[in-house]
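Per our numbering: the sequence shown = residues 1 to 494.
Glycine included, every Cβ here is placed at the ideal spot set by N, Cα and C.
Every value quoted in this text rests on a predicted model; they were computed, and no experiment measured them.
Working notes for the structure below.
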Amino acid sequence: MVARSGRYPLAVGIALLGLGPNVVLSTAQLPVREAMAGDLGTSVATLGLATGLGSAGFAIGAVFAAQLALRLVQRRIFLVAEAAFALGCLLVAVAPSIAVLLPALVVLGLAAGAMLISSLPPLVTRFGAGRVALSAGIVDLGIFGASTLGPLIGGLAAAGGDWRWLFAGAAGLAVVGWLVALRGYERWDPAEPEARIDTPALVLVVLATAAGFVAASLASGHPLTSAPVLGPALLAAGAFVTLVLAEVRRPDPLIPLSSLTTQLPVTGILVAMVGGAVVVTTTDLVQTLLGQVEGRSPGEVAMVFWPMPIGALVGAVVFWRLFRTRFVPVLIDVGLATLAAGCLLVLAGAESWATLLLGFGAASTVSPGLFLTGLGMESQKLGRGFALVQLLRSMATYAVAPVILALVMRSPDQGDAARAGVLAMAIASMGALLAALVVPALSGARLRAPDLEAWLDGGKGLPSPATVTHLRPSVDDDEAEPLVPERLRRGRTR
Numbered sequence: 001m002v003a004r005s006g007r008y009p010l011a012v013g014i015a016l017l018g019l020g021p022n023v024v025l026s027t028a029q030l031p032v033r034e035a036m037a038g039d040l041g042t043s044v045a046t047l048g049l050a051t052g053l054g055s056a057g058f059a060i061g062a063v064f065a066a067q068l069a070l071r072l073v074q075r076r077i078f079l080v081a082e083a084a085f086a087l088g089c090l091l092v093a094v095a096p097s098i099a100v101l102l103p104a105l106v107v108l109g110l111a112a113g114a115m116l117i118s119s120l121p122p123l124v125t126r127f128g129a130g131r132v133a134l135s136a137g138i139v140d141l142g143i144f145g146a147s148t149l150g151p152l153i154g155g156l157a158a159a160g161g162d163w164r165w166l167f168a169g170a171a172g173l174a175v176v177g178w179l180v181a182l183r184g185y186e187r188w189d190p191a192e193p194e195a196r197i198d199t200p201a202l203v204l205v206v207l208a209t210a211a212g213f214v215a216a217s218l219a220s221g222h223p224l225t226s227a228p229v230l231g232p233a234l235l236a237a238g239a240f241v242t243l244v245l246a247e248v249r250r251p252d253p254l255i256p257l258s259s260l261t262t263q264l265p266v267t268g269i270l271v272a273m274v275g276g277a278v279v280v281t282t283t284d285l286v287q288t289l290l291g292q293v294e295g296r297s298p299g300e301v302a303m304v305f306w307p308m309p310i311g312a313l314v315g316a317v318v319f320w321r322l323f324r325t326r327f328v329p330v331l332i333d334v335g336l337a338t339l340a341a342g343c344l345l346v347l348a349g350a351e352s353w354a355t356l357l358l359g360f361g362a363a364s365t366v367s368p369g370l371f372l373t374g375l376g377m378e379s380q381k382l383g384r385g386f387a388l389v390q391l392l393r394s395m396a397t398y399a400v401a402p403v404i405l406a407l408v409m410r411s412p413d414q415g416d417a418a419r420a421g422v423l424a425m426a427i428a429s430m431g432a433l434l435a436a437l438v439v440p441a442l443s444g445a446r447l448r449a450p451d452l453e454a455w456l457d458g459g460k461g462l463p464s465p466a467t468v469t470h471l472r473p474s475v476d477d478d479e480a481e482p483l484v485p486e487r488l489r490r491g492r493t494r
């Protein structure tokens, strides 16, 4: 069912107001963390645990919303989630202690995850093929690109000395978003009102995500091999493996793994995970290097990041213009190379140029990777596919950074340790770039323009052959092209 075109601006406003504030908050908290801990009478490590549980809530909320969207009217899900997000932000803004802050951050995260699933897929799929490219660009800039504003806004808030206004402002935007949704969110029938609830998957998602973020958060106060860190980490890994095995065997899985293990989703998920992790971790390391090692003021550190949103804007516009062409995978490759270059510029001391490239790299990897994943599967599974991508991306983005920062802060030479972390992020970007080139080649993928009409009608937007099918002699996939293109083979035989 196609929504009325006049509702499109409202749908855009719903998505941006629903998701943008949380994305900004997720990257704005590091500069104000010490002030928050002091005001709340707690330690930075305990505050990090609360923040980690809030990030876990985001991933869990996305998966739970994907399940609810099969059975319930999505408009209702979004309105409840937006109201809960506003309440969570307000509670954080007035929290007198960590006992109030922690559950408020969890509520805030759960609500943001639910809004992701109840706003993005409708925006992308409900307004016809002609709007898909524009929606992709808006999602890239206004939602994932909004993360580039976090270091600037958080640094300015730290310079001003009152972190509570960050969350109060987010609560105000959430109220506006709720009013816009009340007016503009159309009432669509549930996708599968008779769908069974995948209880095992939901339980395993909670275990894997919560345990993983607890382990990452506790790394700041404990050795990585200690029981408080290693125990939850092993629990998370075991729960995730069990989740995969259970969903593969289930005839009606919540998470469509059969669709997500082909070439396009595998490549897209990898790029989104690495891109998000590199940007957030490098951003945190730069703030640590400039603020705690070099002793610059919060305001001075914040201003280093002013080029970052500009880079994100350029990346989002390029993504919009290329979306209907065959060159989105090329943009992703350029984005990964740009992230590596940005990390190297940090090491060279050119921080402003580095943040410009990091902004462009963020907009050229995370959202394009997410959309390549979606185009490689049927559009009606988009919400459930996005839920898994967000779970994995959140784990990579918001669990890697705390561990790296913990190692840096524990080092006798924090400056050298921070620079080593930035170098590791450059290497991770280049490794992802190599994978983004090799995996499609060994899978028989070719650059093609997406068929958006067929995708919205229930097919795939792009062919997605079995992953590395040319290394698996027993696998025969009609969507896979020969390893060596026919024109090159003809040239060799002459």
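Return the first residue and the last residue of the alpha helix (DSSP H) that residue i is part of.
| i | result |
| --- | --- |
| Ala37 | Arg33 to Leu40 |
| Tyr398 | Leu382 to Arg410 |
| Ile117 | Ile98 to Thr125 |
| Ala83 | Gln74 to Val94 |
| Thr209 | Thr199 to Leu218 |
| Glu351 | Glu351 to Leu375 |
| Ile143 | Unbroken run through Ile143: none, as it is neither H nor E. |
| Arg164 | Arg164 to Gly184 |
| Trp306 | That residue, Trp306, is in no alpha helix (DSSP H); it is neither H nor E in DSSP. |
| Arg71 | Val44 to Arg71 |
| Arg249 | Ala227 to Arg249 |
| Gly459 | Note, Gly459: premise wrong, no alpha helix (DSSP H); not H, not E. |
| Ala158 | Gly150 to Gly160 |
| Val23 | Tyr8 to Ala28 |
Taking the alpha carbon of residue i as the point to measure from, which residue in the options has its own alpha carbon closest?
| i | options | result |
| --- | --- | --- |
| Leu123 | Met308, Ser226, Val439 and Leu382 | Leu382 |
| Tyr501 | Thr199, Val205, Phe167 and Arg183 | Since the first residue shown for the chain is 1 and the last is 494, residue 501 is missing from the structure and cannot be characterised. |
| Pro256 | Ala211, Leu40 and Thr373 | Thr373 |
| Trp165 | Thr262, Leu91 and Gly130 | Leu91 |
| Arg326 | Val439, Ala157, Val438 and Ala445 | Ala445 |
| Gln390 | Val107, Gly361 and Ala65 | Ala65 |
| Pro151 | Gly238, Pro309, Phe85 and Ile197 | Pro309 |
| Ala95 | Thr42, Ala418 and Ala69 | Thr42 |
| Ser411 | Pro223, Ala35 and Leu290 | Pro223 |
| Pro103 | Leu49, Val73 and Val286 | Leu49 |
| Gln414 | Gln292, Asp478 and Leu483 | Gln292 |
| Val328 | Pro368, Ser26 and Leu289 | Pro368 |
| Phe78 | Gly155, Trp178, Pro31 and Thr51 | Trp178 |
| Ala37 | Val475, Thr51 and Ala216 | Thr51 |
| Glu479 | Ser352, Thr262, Thr365 and Arg250 | Thr262 |
| Ala170 | Val132, Leu336, Phe371 and Gly154 | Gly154 |
| Phe371 | Gln74, Asp162, Tyr185 and Val266 | Val266 |
| Val107 | Ala157, Ile98 and Leu53 | Leu53 |
| Ser97 | Val44, Leu40 and Arg131 | Leu40 |
| Ala81 | Leu30, Ala15, Val139 and Ala28 | Ala15 |
| Gly458 | Ser379, Ala436 and Ala387 | Ser379 |
| Thr62 | Leu116, Ala201, Val139 and Phe127 | The sequence given here has Ala at residue 62, not Thr. Considering only alpha carbons, the answer is Leu116. |
State the DSSP-derived secondary structure class of residue i, mapped to helix, strand or coil.
| i | result |
| --- | --- |
| Ala466 | strand |
| Thr338 | helix |
| Thr262 | strand |
| Ser429 | helix |
| Gly421 | helix |
| Trp188 | coil |
| Thr255 | First, the residue type needs correcting, since residue 255 is Ile and not Thr in the sequence shown. Note: Ile255 maps to coil in three-state DSSP. |
| Gly311 | helix |
| Val438 | helix |
| Leu270 | helix |
| Thr282 | helix |
Write down the C-beta distance between residue i and residue j rounded to the nearest angstrom, noting that I regard them as a contact closer than 8 Å.
| i | j | result |
| --- | --- | --- |
| Met377 | Ser259 | 4 Å |
| Ala548 | Val408 | Look at the range of the chain in this structure, 1 to 494, and you will see that residue 548 is not part of it. |
| Ala84 | Ala111 | 4 Å |
| Thr125 | Leu456 | 6 Å |
| Phe305 | Thr355 | 5 Å |
| Gly276 | Ala396 | 6 Å |
| Asp198 | Leu245 | Not confirmed; about 14 Å, so no contact. |
| Thr242 | Leu405 | That belief does not hold up - the Cβ atoms of Thr242 and Leu405 are roughly 30 Å apart, past 8 Å. |
| Leu204 | Leu235 | Not a contact, Cβ separation roughly 11 Å. |
| Pro193 | Arg71 | 6 Å |
Relative to the ligand GTP, is the shortest distance from any of its heavy atoms to the C-beta of residue i smaller than 7 Å?
| i | result |
| --- | --- |
| Ser220 | For the structure depicted, the ligand GTP is absent and the ligand set is empty, with no information on it obtainable. |
Taking 8 Å as the CB-CB cut-off, is residue i touching chain B?
| i | result |
| --- | --- |
| Arg296 | The displayed structure is made up of one protein chain only, and chain B is not part of it. |
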